[in-house]
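Input: a single structure, listed below in structure tokens.
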Amino acid sequence: MNASPAESHSPLSDVLALPAAAALSAPLRKALSAAALKPEAGAGALDSPAVVAATVDALALLDADSDTVAAAILHVYPGWAAALGPGLEREHPVVAALLDGQRAAGQVWALHAEQSRRSGTEGLRRLLLAIVRDLRVVPILLARQLARMRHADALAPETRRELAALTRDIHAPLANRLGIWQLKWELEDLAFRYLEPQTYQKIARLLDEKRGDRERYIEQVKRTLREAMVAQGLKAEVAGRPKHIYSIWKKMQRKDAPISELYDLRAVRVMVDDVGACYAALGVVHATWTPIPSEFDDYIARPKRNDYRSLHTAVVGPEGKTLEVQIRTHEMHRQAELGVAAHWKYKEVGSHSADAAFDRKIAWMRRLLDAKSEGGQGGDEALASELDTELVEDRVYVLTPKGEVIDLPAGATPLDFAYHVHTEVGHRCRGAKIDGRIVPLDHKLRTGDRVEILTAKTGEPRRDWLVASNGFLASNRSREKVRNWFHKLDRSRNETAGRELLDKELRRLGVLGADLAPARERFNLASDGDLYVQVALGDIGPHQIGRVLLEHERAMSAPPSAPASGSTTTIPPAPRKVPGKSTDFTVEGVGNLLVQLARCCQPLPGEPIVGYLTRGRGVSVHRPGCGAFERLAAAQPQRVLPVEWGRKGSGYEVDIEVLALDRKWLLKEVTNVIAQGNAHVISIRSDVERNGAQVRLRLRLRVGDYGQLSSLLGKLSSLPGVEYAQRS
Numbered sequence: 024m025n026a027s028p029a030e031s032h033s034p035l036s037d038v039l040a041l042p043a044a045a046a047l048s049a050p051l052r053k054a055l056s057a058a059a060l061k062p063e064a065g066a067g068a069l070d071s072p073a074v075v076a077a078t079v080d081a082l083a084l085l086d087a088d089s090d091t092v093a094a095a096i097l098h099v100y101p102g103w104a105a106a107l108g109p110g111l112e113r114e115h116p117v118v119a120a121l122l123d124g125q126r127a128a129g130q131v132w133a134l135h136a137e138q139s140r141r142s143g144t145e146g147l148r149r150l151l152l153a154i155v156r157d158l159r160v161v162p163i164l165l166a167r168q169l170a171r172m173r174h175a176d177a178l179a180p181e182t183r184r185e186l187a188a189l190t191r192d193i194h195a196p197l198a199n200r201l202g203i204w205q206l207k208w209e210l211e212d213l214a215f216r217y218l219e220p221q222t223y224q225k226i227a228r229l230l231d232e233k234r235g236d237r238e239r240y241i242e243q244v245k246r247t248l249r250e251a252m253v254a255q256g257l258k259a260e261v262a263g264r265p266k267h268i269y270s271i272w273k274k275m276q277r278k279d280a281p282i283s284e285l286y287d288l289r290a291v292r293v294m295v296d297d298v299g300a301c302y303a304a305l306g307v308v309h310a311t312w313t314p315i316p317s318e319f320d321d322y323i324a325r326p327k328r329n330d331y332r333s334l335h336t337a338v339v340g341p342e343g344k345t346l347e348v349q350i351r352t353h354e355m356h357r358q359a360e361l362g363v364a365a366h367w368k369y370k371e372v373g374s375h376s377a378d379a380a381f382d383r384k385i386a387w388m389r390r391l392l393d394a395k396s397e398g399g400q401g402g403d404e405a406l407a408s409e410l411d412t413e414l415v416e417d418r419v420y421v422l423t424p425k426g427e428v429i430d431l432p433a434g435a436t437p438l439d440f441a442y443h444v445h446t447e448v449g450h451r452c453r454g455a456k457i458d459g460r461i462v463p464l465d466h467k468l469r470t471g472d473r474v475e476i477l478t479a480k481t482g483e484p485r486r487d488w489l490v491a492s493n494g495f496l497a498s499n500r501s502r503e504k505v506r507n508w509f510h511k512l513d514r515s516r517n518e519t520a521g522r523e524l525l526d527k528e529l530r531r532l533g534v535l536g537a538d539l540a541p542a543r544e545r546f547n548l549a550s551d552g553d554l555y556v557q558v559a560l561g562d563i564g565p566h567q568i569g570r571v572l573l574e575h576e577r578a579m580s581a582p583p584s585a586p587a588s589g590s591t592t593t594i595p596p597a598p599r600k601v602p603g604k605s606t607d608f609t610v611e612g613v614g615n616l617l618v619q620l621a622r623c624c625q626p627l628p629g630e631p632i633v634g635y636l637t638r639g640r641g642v643s644v645h646r647p648g649c650g651a652f653e654r655l656a657a658a659q660p661q662r663v664l665p666v667e668w669g670r671k672g673s674g675y676e677v678d679i680e681v682l683a684l685d686r687k688w689l690l691k692e693v694t695n696v697i698a699q700g701n702a703h704v705i706s707i708r709s710d711v712e713r714n715g716a717q718v719r720l721r722l723r724l725r726v727g728d729y730g731q732l733s734s735l736l737g738k739l740s741s742l743p744g745v746e747y748a749q750r751s
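Numbering of the sequence shown is given in my numbering, commencing with residue 24 and proceeding in unit increments.
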């Protein structure tokens with residue numbers, strides 16, 4: 024199909040004609056050409072054909088591949104992407120993924136526009152890298168922003184300033200961290216030019232030469248220095264570039280000095296193999312040009328606090344112009360660029376150190392870019408394919424109602440968010456909304472969630488927040504704030520509260536009143552009071568104690584071990600598996616009997632159990648403390664049989680009871696908690712209490728074991744307005 028003359032001069036024709044567009048593969052070029060014949064609404068105001076062409080050129084500078092170039096073009100002309108239809112994702116999945124990443128980044132641009140201060144820009148940069156699943160999107164974003172800034176003169180003044188602020192806050196720092204120096208300096212200078220035009224022009228006038236002249240000067244210095252190193256038998260790599268206007272201004276601000284006192288407007292870096300060669304290279308530099316005595320710093324002998332190591336000296340170079348020379352080993356350079364000494368960590372982030380996951384992303388991005396620049400073929404593809412598996416995000420980045428980014432550990436809840444905002448907000452937290460929707464306080468936050476905390480005028484933390492199995496707090500920092508609040512209470516209050524929490528849990532498990540000695544021994548505590556205090560402060564969970572007591576009861580009810588050698592005993596028949604109603608039991612000495620769970624106490628797998636041989640209904644299985652069983656056993660002890668659980672069944676039925684305030688959405692919240700706990704509701708009945716303000720819910724559930732039941736009862740008890748939730 025041939026294009027019309029009008030179509031032959033479409034924006035796509037201009038882009039495809041660029042030398043940089045040669046990276047496009049034949050299938051992609053053909054697909055783009057076919058898509059461009061469809062109607063297109065046109066690019067946005069920021070993306071003229073000239074901007075698209077400049078974007079492609081910048082990507083070529085970064086050795087971008089065919090998929091990356093195509094994704095950059097299709098993002099600007101979404102009509103072309105739509106025209107490709109489902110075939111785009113099927114035939115070019117990488118391009119589709121890169122388009123998704125660019126669309127996701129739009130959330131960060133919108134949040135930046137909402138913010139009136141720069142305090143949250145570090146969070147926005149982290150959010151960007153968190154929501155962009157394929158990190159190869161970042162070079163596209165940087166290249167497009169540079170192209171837009173190069174053509175910003177055509178924009179309205181207010182639009183131009185907004186674009187420059189976004190560049191300063193997001194794009195330039197990311198280019199700096201990724202070591203994309205080709206784009207970084209120009210992004211910074213262009214943003215500075217539009218945000219501080221008068222200061223920019225003043226510094227430009229103070230420079231005694233244009234950038235092109237300074238670049239030629241640096242090339243001359245590099246040649247001279249290389250020749251001098253070779254003449255002295257030193258193997259050295261020499262690199263350098265002139266300092267750009269924004270960097271000069273930043274140094275003037277930092278040192279509070281005029282431009283005439285800056286000796287590093289022109290700088291070169293010498294990299295050698297070992298420390299001895301560093302000092303030898305320093306001698307060559309000082310022998311070649313006259314040193315400025317006051318401008319020598321030995322950061323190898325005396326490293327900076329962030330472990331930065333290098334030799335810095337300033338000399339009077341060719342034509343009488345000052346020149347800074349940095350000398351370091353290749354290992355020192357890697358440490359300065361990627362390790363704890365990386366410049367951006369102390370120049371941008373300040374006192375807030377970057378987390379490990381963020382550092383790994385930066386390091387992987389640099390390795391990916393290095394592989395590209397070195398011309399690798401298979402290596403960079405393998406590196407990119409490992410990004411999804413190696414860079415497991417251990418942080419989530421959520422938003423306040425005002426759009427500020429909060430950095431939390433993975434698995435964090437709205438309650439963690441509340442304590443991060445302020446300790447008092449956490450103490451008074453009584454509910455939360457995510458994107459306008461009410462969620463429970465144990466809801467797991469995801470990157471990009473906008474969280475609103477609902478607070479009471481006065482309030483205090485709840486002790487069940489400290490119970491790990493309830494899942495209210497994932498952050499140790501948040502848990503410590505709650506624990507500190509309770510530590511301030513007197514011992515008697517903590518002891519009373521701990522007893523109430525533990526009794527509540529033991530009542531759920533059916534072991535209320537059991538001797539706590541096994542638990543005291545397990546946790547090395549001297550008294551029951553100490554145990555209650557540990558429960559109240561969240562150091563020991565009630566569920567942990569319940570499990571210890573159940574294990575102890577089970578051990579005590581187990582049949583005695585075989586007697587020592589030489590003793591005489593009657594060996595009973597081997598235990599046999601007996602099919603039951605919902606599971607298998609092992610019943611000693613008998614076989615082929617009907618076995619059923621007693622409805623009076625409804626034992627669950629893992630709990631201690633005992634059997635009673637009934638008339639006509641086989642073996643009835645009870646919990647040892649069941650009142651009905653104790654009456655039967657007292658009357659006819661010969662019918663008591665030792666039984667134990669067999670293999671795990673598909674589920675067990677149990678009755679529970681919930682007493683709560685009669686309010687709207689109560690039943691929905693109760694069933695949601697049960698569903699989230701992977702349990703099933705078999706039946707449900709509700710009765711309004713005599714006072715009319717409360718309702719009693721009776722539910723029959725199917726659960727896996729008593730541990731799952733205990734967790735469910737704890738979560739049900741924590742719902743607003745619930746007085747208690749326990750087994751019937």
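The C-beta atom is built at its ideal place from N, Cα and C for all residues, glycine as well. In this text the structure is predicted, and so the values were computed from the model without any measurement.
Run through the DSSP bridge pairs and tell me what residue i is partnered with.
{"i": "G454", "result": "L477"}
{"i": "V642", "result": "V618, L636"}
{"i": "G263", "result": "V291"}
{"i": "I707", "result": "L722"}
{"i": "H335", "result": "D320, Q349"}
{"i": "P341", "result": "In DSSP, P341 forms no bridge with anything."}
{"i": "Y747", "result": "L682"}
{"i": "Y217", "result": "Its beta-bridge partners do not exist; DSSP assigns none."}
To the nearest angstrom, how far is it from the Cα of residue i to the Cα of residue j?
{"i": "D752", "j": "A716", "result": "Since the first residue shown for the chain is 24 and the last is 751, residue 752 is missing from the structure and cannot be characterised."}
{"i": "L213", "j": "I203", "result": "16 Å"}
{"i": "E30", "j": "Y100", "result": "Here E30 scores only 40 on pLDDT, less than 50, and its place in the model should not be relied on; the value that follows carries that caveat. In a straight line, the C-alpha of E30 is about 15 Å away from that of Y100."}
{"i": "A752", "j": "T519", "result": "Residue 752 lies beyond the range of the chain shown here (24 to 751); nothing can be said about it."}
{"i": "W367", "j": "N199", "result": "Confidence is the limiting factor: at W367 the pLDDT is only 40, short of 50, which leaves the residue's position unreliable, though a coordinate-based value still follows. Spanning the two alpha carbons is a distance of roughly 7 Å."}
{"i": "L305", "j": "T345", "result": "16 Å"}
{"i": "S741", "j": "L682", "result": "12 Å"}
{"i": "D90", "j": "E114", "result": "11 Å"}
{"i": "R670", "j": "G727", "result": "Residue confidence for R670 is low, a pLDDT of 49 falling below 50, so the modelled location carries little weight and cannot support an answer."}
{"i": "E653", "j": "A621", "result": "13 Å"}
{"i": "R638", "j": "R662", "result": "10 Å"}
{"i": "V474", "j": "F495", "result": "15 Å"}
{"i": "Y223", "j": "D70", "result": "26 Å"}
{"i": "L477", "j": "G454", "result": "5 Å"}
{"i": "S605", "j": "L655", "result": "Interpretation of S605 is limited by its pLDDT of 41, a score under 50 that renders its predicted location unreliable; no figure is taken from the coordinates."}
{"i": "S515", "j": "W488", "result": "20 Å"}
Quick one, which of the options has its alpha-carbon nearest residue i's?
{"i": "Q14", "options": "A537, T352, N517", "result": "The first residue shown for the chain is 24 and the last is 751, placing residue 14 beyond what the model contains."}
{"i": "A479", "options": "N714, E447, R246", "result": "E447"}
{"i": "A128", "options": "V118, L107, V161", "result": "V161"}
{"i": "R545", "options": "I568, T78, V348", "result": "I568"}
{"i": "E145", "options": "Y420, V718, F509", "result": "Y420"}
{"i": "I296", "options": "K274, M355, V348", "result": "A small fix is needed here, since residue 296 is Asp in this sequence, not Ile. Closest option to D296, Cα to Cα, is M355."}
{"i": "Y322", "options": "Y217, I315, G641, L334", "result": "L334"}
{"i": "T423", "options": "G434, K456, R451, P432", "result": "K456"}
{"i": "D192", "options": "H135, L560, R570", "result": "H135"}
{"i": "A435", "options": "D458, H445, L464, K511", "result": "L464"}
{"i": "A105", "options": "V92, L122, V117", "result": "L122"}
{"i": "A748", "options": "R719, Q731, Y729, A651", "result": "R719"}
{"i": "R216", "options": "R184, P196, R237, I241", "result": "R184"}
List the whole-angstrom C-beta distance separating residue i from residue j, where the pair is believed to meet the contact cut-off of C-beta under 8 Å.
{"i": "T190", "j": "L210", "result": "5 Å"}
{"i": "A94", "j": "Q130", "result": "Wrong, their Cβ atoms sit about 18 Å apart, outside the cutoff."}
{"i": "E680", "j": "I705", "result": "Their Cβ separation, rounded to whole angstroms, is 15 Å, which puts E680 and I705 out of contact at 8 Å."}
{"i": "V291", "j": "V244", "result": "6 Å"}
Give the range of the alpha helix (DSSP H) segment to which residue i is assigned.
{"i": "E518", "result": "514-532"}
{"i": "L752", "result": "Look at the range of the chain in this structure, 24 to 751, and you will see that residue 752 is not part of it."}
{"i": "Q557", "result": "551-559"}
{"i": "R506", "result": "499-510"}
What residue does the beta strand (DSSP E) around residue i start on, and which one ends it?
{"i": "A433", "result": "From DSSP, A433 is part of no beta strand (DSSP E); its letter is neither H nor E."}
{"i": "A683", "result": "675-684"}
{"i": "I5", "result": "Nothing about residue 5 can be reported from this structure: the residues present for the chain run from 24 to 751 only."}
{"i": "V74", "result": "Per DSSP, V74 belongs to no beta strand (DSSP E); it is in the alpha helix (DSSP H), 72-84."}
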